[in-house]
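Only one structure is covered here, and it is reproduced in the block below.
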DNA sequence: AATGAATGAGACTTCATTCAT
DNA sequence: CATGAATGAAGTCTCATTCAT
């Protein structure tokens with residue numbers, strides 16, 4: 007009801023539209039197209055995200071938020087080993103549609119520029135917990151840390167990204183999952 | 007004697023320059039910049055590669071050619087299992103500098119558009135031989151084929167692409183190599 | 007009140023500038039020059055006319071509109087025969103400055119591609135009426151139709167286009183007008 | 007057998023190729039294409055015609071030469087009136103294929119820049135004779151001169167250029183021919 | 001705050017012309 | 001003399017960003 011309400015709603019509409027458009031046409035898609043998809047004017051997009059790069063980063067962060075939520079949820083599971091495997095599987099399946107997930111993950115893993123994003127920290131935390139518990143449950147080898155897991159998630163997403171054949175995708179992912187066993 | 011000599015040399019200079027530039031600034035780098043790096047005029051670039059896309063494809067093919075050569079060379083080795091591992095390792099190390107190798111590999115693996123590129127066929131062939139021999143030597147599990155290996159190469163390249171820490175890169179790659187064991 | 011007001015004004019400024027420039031330097035003149043003449047940026051030209059061809063067509067249509075208006079006006083005249091002659095004369099005089107009028111007319115006459123342009127239909131209508139009335143008044147031979155008249159307008163424009171000498175222009179036009187008599 | 011012989015032959019091959027290409031694709035066609043059609047390198051084209059404009063002018067002149075020849079031939083005919091009419095008809099029929107004939111004629115008629123081209127003079131001469139004789143034979147009105155006839159030829163060519171329907175073309179031409187009668 | 005028209009730098013591409021072979 | 005590769009100016013068009021309404 008406050009004028010803020012509309013603004014907030016617009017922000018998420020733009021974000022959702024950007025996600026869709028960037029998935030469909032790649033990140034080279036124009037801001038104009040994002041605006042059209044969101045049903046707003048370009049000006050509105052730039053009001054919320056003063057730069058295309060900031061828009062991209064926001065999209066990535068939004069995806070990370072979802073990854074973090076998934077990790078947090080699965081970290082609660084009793085059977086930590088299975089939970090860890092399911093996490094990998096879900097993510098790789100998403101990667102089919104959300105092509106740039108790996109870029110988002112990459113941003114969480116290594117980028118040092120504005121490292122201190124709380125979202126990134128949260129993802130690393132949840133993922134760390136999930137990994138720890140899986141290792142303690144004997145489901146995952148002990149010589150890998152969060153960074154390696156993130157790298158492997160990126161790798162698995164990319165490896166299966168081009169795969170249309172679903173059984174081949176499974177075989178490929180299995181190699182990585184087997185490699186992660188103790 | 008042949009006026010072609012210079013043309014051929016220029017073609018490779020452009021190709022090399024394009025490779026460098028695309029590695030450094032991404033494939034969105036301008037053709038003008040490629041020309042500058044090659045020390046030729048833009049017109050020359052477009053004479054050899056009438057479209058930016060054709061230039062990109064040529065760069066990919068060149069990289070594939072190198073990958074194919076490497077696979078062919080290693081397929082000769084007596085110890086097939088070790089050879090296969092070394093192949094993976096070398097490629098992933100290259101991937102650090104040649105960021106788009108995975109895209110080139112992807113083109114070799116799945117794309118169906120102009121499928122019958124001889125270079126792609128050659129890569130698949132050499133890689134197939136290398137894989138076969140490694141499997142017969144008991145160095146690699148038997149439920150993966152060339153396509154899965156290509157996918158994993160792409161994955162491994164991407165997984166380690168963002169890794170500056172060399173020991174972490176080794177740990178990540180090891181997971182995949184372990185996963186490939188019988 | 008409407009943000010459109012400026013846009014509309016700009017559209018006509020661009021159109022007018024394009025007309026001028028194309029007359030002065032031919033249709034090969036650059037879009038940049040049109041923009042400069044209109045006092046706007048190139049982007050504005052391309053916003054209104056996404057293609058140079060569309061700009062050209064718009065210029066032609068604008069000229070046709072004027073031709074149609076002239077035909078409609080003269081069709082009202084009591085003395086239909088004289089009106090018809092005056093129509094020819096006026097057009098040919100314009101053709102001196104508006105060199106591409108004949109191309110515009112040609113577009114109205116024969117092109118079948120996007121046939122149903124309302125402007126073209128209107129021109130043919132008005133011209134048809136003017137011709138009919140002139141024929142009934144005994145001022146024009148009966149074995150010519152709108153298409154022939156359009157062709158002759160084009161011909162007359164081109165015939166007199168290169169003529170600097172005004173009396174020679176009159177003599178040339180007279181031949182055609184005489185030929186049109188019953 | 008002399009080296010000159012080849013050069014001369016090349017010159018006409020280029021000229022013929024240019025004529026064809028310009029007719030088919032318009033005068034904006036590239037010199038490269040002309041060279042390809044002529045079966046020579048671009049360098050050869052530029053050796054014979056140092057500028058594209060000079061090439062164009064040469065093409066025009068060649069066409070004029072043919073027009074002049076036709077006029078000269080028909081000027082010999084006994085029935086001068088009929089001969090004049092046939093001249094018009096032939097030219098207009100050619101104009102269908104040789105679209106730029108009118109431009110060539112225009113160059114002969116009005117251009118003042120390098121007026122003293124012998125070919126142009128010859129055309130005007132032959133045409134003058136043809137016209138004179140037709141006027142004396144009572145086939146053509148006496149208040150038109152060579153310039154008006156050239157203008158009308160241009161006009162007739164353009165008028166019928168867009169006409170696909172052959173009977174309409176005849177009706178249109180007839181108007182002009184009737185207008186030329188005494 | 002939102003809108004969308006305007007801007008102009010910059011990308012890709014073409015082509016007349018030059019020049020080494 | 002012929003060839004065709006190289007050149008680079010110039011043209012068309014796109015798009016991130018700004019700003020008047």
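Chains as they are written, first to last, in this note's numbering: chain F, 7 to 188; chain U, 7 to 188; chain L, 7 to 188; chain W, 7 to 188. Ideal Cβ positions, reconstructed from N, Cα and C, are used throughout, including at glycine. This structure is a prediction, so every number in the text was calculated from the model and none was measured.
(request) May I have the straight-line CA-CA distance separating residue 58(U) from residue 46(U), to the nearest angstrom? (result) Near 16 angstroms, if we compare the C-alpha coordinates of residue 46(U) and residue 58(U).
(message) Which residues in chain L have a C-beta closer than 8 angstroms to the C-beta of residue 154(W)? List them in chain order.
(response) Per Cβ cutoff of 8 angstroms: 174, 177, 178, 181.
(message) In the DSSP assignment, the alpha helix (DSSP H) including residue 63(U) goes from what residue to what residue?
(response) 58-81
(message) Using 8 angstroms for Cβ pairs, my map puts residue 44(W) next to residue 20(W). What's the rounded Cβ distance?
(response) Indeed they touch by this definition, with Cβ atoms about 5 angstroms apart.
(request) Could you please give the first and the last residue of the uninterrupted alpha helix (DSSP H) stretch that includes residue 148(L)? (result) Note, residue 148(L): premise wrong, no alpha helix (DSSP H); not H, not E.
(message) Is it buried or exposed, residue 25(F), if we count other Cβ atoms within 10 angstroms and call 16 or more buried?
(response) buried
(message) The alpha helix (DSSP H) that contains residue 35(L), what's its start and end?
(response) No alpha helix (DSSP H) contains residue 35(L), which DSSP labels as neither H nor E.
(message) Suppose you measure from the CA of residue 139(U) to the CA of residue 67(F); what does that come to, to the nearest Å?
(response) 45 angstroms
(message) Buried or exposed, going by whether 16 or more other CB atoms sit within 10 Å of the CB of residue 18(W)?
(response) exposed
(message) Quick check on residue 55(L): does DSSP put it in helix, strand or coil?
(response) coil
(request) Kindly say whether residue 166(F), judged by its beta-carbon, lies nearer than 8 angstroms to any beta-carbon of chain U. (result) yes
(request) Compute the Euclidean distance between the alpha carbons of residue 143(W) and residue 48(W), then round it to the nearest angstrom. (result) For the pair residue 143(W) and residue 48(W), the Cα-to-Cα distance works out to about 51 angstroms.
(message) Could you compute how far the alpha carbon of residue 84(U) sits from the alpha carbon of residue 186(U)?
(response) Whole-angstrom Cα-Cα distance: 19 angstroms.
(request) Report the residues of the region 14-39 of chain L with a CB closer than 7 angstroms to any CB of chain W, ordered along the chain. (result) none
(message) I need the boundaries of the alpha helix (DSSP H) containing residue 185(U), first residue and last residue.
(response) 172-186
(message) Less than 7 angstroms between C-beta atoms, sequence neighbours within five positions excluded: which residues of the same chain meet that for residue 92(L)?
(response) 80
(request) Starting from the beta carbon of residue 234(F), find every residue of chain U whose beta carbon is closer than 8 angstroms, and list them in chain order. (result) In the structure as shown, chain F starts at 7 and stops at 188, and residue 234(F) therefore has no counterpart that could be examined.
(request) Report the three-state DSSP secondary structure of residue 123(U) (helix, strand or coil). (result) Three-state result, residue 123(U): coil.
(request) Look up residue 14(L) in the DSSP assignment and say whether it is helix, strand or coil. (result) helix
(request) Output, in chain order, the set of chain L residues within a Cβ distance shorter than 8 angstroms of residue 143(W). (result) Per Cβ cutoff of 8 angstroms: no residues; residue 143(W) is ~18 angstroms from chain L at best.
(message) Please report the straight-line C-alpha distance between residue 90(U) and residue 76(U), rounded to a whole angstrom.
(response) Using only the alpha carbons, I get a separation of about 11 angstroms.
(message) I'd like to know whether the C-beta of residue 46(F) is nearer than 8 angstroms to at least one C-beta of chain U.
(response) no
(message) To be precise: take each residue of the region 68-98 of chain F, compare its Cβ to all Cβ atoms of chain U, and keep it if any distance is under 8 angstroms. Which residues remain?
(response) none
(request) Measuring alpha carbon to alpha carbon, tell me which of 53(F), 15(F), 130(F) ends up nearest residue 72(F). (result) 130(F)
(message) Taking 8 angstroms as the threshold (beta carbon to beta carbon), is residue 57(W) in contact with chain L?
(response) no
(message) Please state the DSSP three-state secondary structure of residue 47(U).
(response) coil
(request) Would you mind telling me which residues of chain L sit closer than 7 angstroms to residue 184(W), beta carbon to beta carbon, in chain order? (result) 185
(message) Here's a check: name, in chain order, each residue in its chain whose Cβ is nearer than 6 angstroms to the Cβ of residue 175(W), leaving out the five neighbours to either side.
(response) 166, 169
(message) Using only the alpha-carbon positions, how far apart do residue 181(U) and residue 100(U) sit?
(response) 19 angstroms
(message) Could you check whether residue 74(F) and residue 128(F) sit closer than 8 angstroms to each other, using their CB atoms as the reference points?
(response) Judged by beta-carbon spacing, residue 74(F) lies within the 8 angstroms limit of residue 128(F), meaning their Cβ atoms are closer than that value.
(request) Mind listing the chain W neighbours of residue 149(L)? Cutoff is C-beta to C-beta under 7 angstroms, in chain order. (result) 177
(request) Within the same chain, show all residues whose beta-carbon is closer than 8 angstroms to that of residue 87(F), passing over the 5 residues directly before and after it, in chain order. (result) 140, 143, 144, 145, 146
(request) Use the C-beta contact count for residue 23(L): other C-beta atoms within 10 angstroms, 16 or more gives buried, fewer gives exposed. (result) Classification for residue 23(L): buried.
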